[in-house]
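Everything below concerns the one structure shown next.
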Amino acid sequence: MELELPKRLYAVGLEPQVKKINNGCRMELIRDLKKAMYAEYNDVKIDPVFKYIMAIADNKLGFSGKLVDSFLCKQLITSKMHEEWFVFPRTPLRFSLQEYHAVTGLKVSRESSSDVVHLKEVQKWTRIDRMRLIYLCVIMGVVMGRDEKVNIPDMYIKLVMDLDKLRKFHWGLHSYDFLLSSIEKARKKLAIPDFGEICGRQVSGSFVGPKCGNWKGVANVSYEKIIELEDSLTKKGDLFSVISETGNGDMFLHVDYTRKGEMEDERVDLLLDRIRQKFDWSNT
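Just so you know, we're using my numbering here: the sequence shown kicks off at 359 and counts up by one.
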């Protein structure tokens, strides 16, 4: 039997355009903390654990829910449990832990020493306690993108009480898995949450590091502008389907980002094979 490519979630031209999009990210909270606790904020800012995530607030990188909605409505249906595939513009794009790490720089490897301990009782506010509050707000409001009405999980509170364990915790792997589960829920409910955006411009051409730390701009993108962007990129053909670990355009998933129990899917293998062959997707 001849192999088929993965099917789209919606047929071309039938993607829904939502009027209201839930925004779980609370970037303004981070800016308020900077004003209220400037010294402690700077201490947390230079800590490598969330260094590039906090740069999002400083660079005033905006969010476009419509752009993310457009991506999520153009999902490809596969059997993969730990990665997603999208079509934009008429080009298959992989979103795996490898791409997520390249953008965020968050730690993805597990360490046994990051296991949480019992919560210690906090009797009074100290400089360290204020730093803990900032860490907690970054975790809930940006890294995990949780609404302020949602209860804070005990695990996060326990981690901020032990900053050494917090720095060793696999925030990249943890937040990536939460993001994938949110995408799955959005697909089932047809209510697309706002996870972020890619519009804007680079801060520095010589920057070396995760991409979220070198991007700025406030997005206000209409569906019409998104369609124009797709048409433009289709004609130029300068879009990469994966983010290569080596920088040489390799298609393989690096061993650091492979997941135990991942499902094999010949349709995805066919996608990757055509990407390697530089297949022309413009007429698909």
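Think of the CB as a built atom: it goes at the ideal place given N, C-alpha and C, for glycine as much as any other residue.
**OP:** For the alpha helix (DSSP H) holding Leu521, just list the boundary residues, first then last.
**Re:** Leu521 to Lys526
Original post:
From His528 to Pro364, what distance separates their C-alpha atoms?
Top reply: 31 Å
**OP:** Give the C-beta separation of Arg452 and Ser640 to the nearest angstrom, bearing in mind that I take them to be a contact with Cβ-Cβ under 8 Å.
**Re:** Actually they are not in contact, since the Cβ atoms of Arg452 and Ser640 sit about 19 Å apart, beyond 8 Å.
Subject >> Contact the segment 423-443 vs the segment 364-374: 3+ CB pairs below 8 Å >> reply: yes
Original post:
Out of Ala369, Val370 and Cys383, which has the shortest C-alpha to C-alpha gap to Lys507?
Top reply: Cys383
**OP:** Less than 8 Å between the CB atoms is what I'm expecting for Val445 and Arg366, so what's the real figure, rounded?
**Re:** 6 Å
Subject >> Inter-residue Cα distance where the pair is Arg634 and Gln456 >> reply: 18 Å
**OP:** Examine chain B for any beta-carbon lying closer than 9 Å to the beta-carbon of Arg625, and answer yes or no.
**Re:** Among the protein chains of the structure shown there is no chain B, as only one such chain exists.
**OP:** Identify whether Gln433 lies in helix, strand or coil by the three-state DSSP scheme.
**Re:** strand
**OP:** Taking all protein chains shown into account, decide if Leu361 is buried (16 or more other Cβ within 10 angstroms of its Cβ) or exposed.
**Re:** exposed
Original post:
With which residues is Phe598 paired in a DSSP beta bridge?
Top reply: According to DSSP, which records beta bridges pairwise, Phe598 is partnered with nothing at all.
Original post:
Less than 9 Å separating the beta-carbons of Gly530 and Thr462?
Top reply: yes
Subject >> CB of Tyr399 within 9 Å of CB of Ile510, strictly >> reply: no
**OP:** Measure the C-alpha to C-alpha separation of Ile601 and Ala460 and round it to an integer number of angstroms.
**Re:** 7 Å
**OP:** Under 6 Å Cβ to Cβ from Ala415, same chain only, skipping five residues before and after it: list those, please.
**Re:** Met385, Ile388 and Arg389
Original post:
Among all the DSSP beta bridges, which residues are the ones paired with Glu442?
Top reply: Phe453
Original post:
Alpha carbon to alpha carbon, how far is Leu611 from Ile515?
Top reply: 33 Å
**OP:** Leaving out five residues on either side along the sequence, give the residues of the same chain with a beta carbon under 6 Å from the beta carbon of Leu464.
**Re:** Trp529 and Gly530
Original post:
Secondary structure at Arg634, three-state DSSP: helix, strand or coil?
Top reply: helix
Original post:
Starting from Tyr396 and walking both ways along the alpha helix (DSSP H), at which residues does that stretch end?
Top reply: Tyr396 to Lys403
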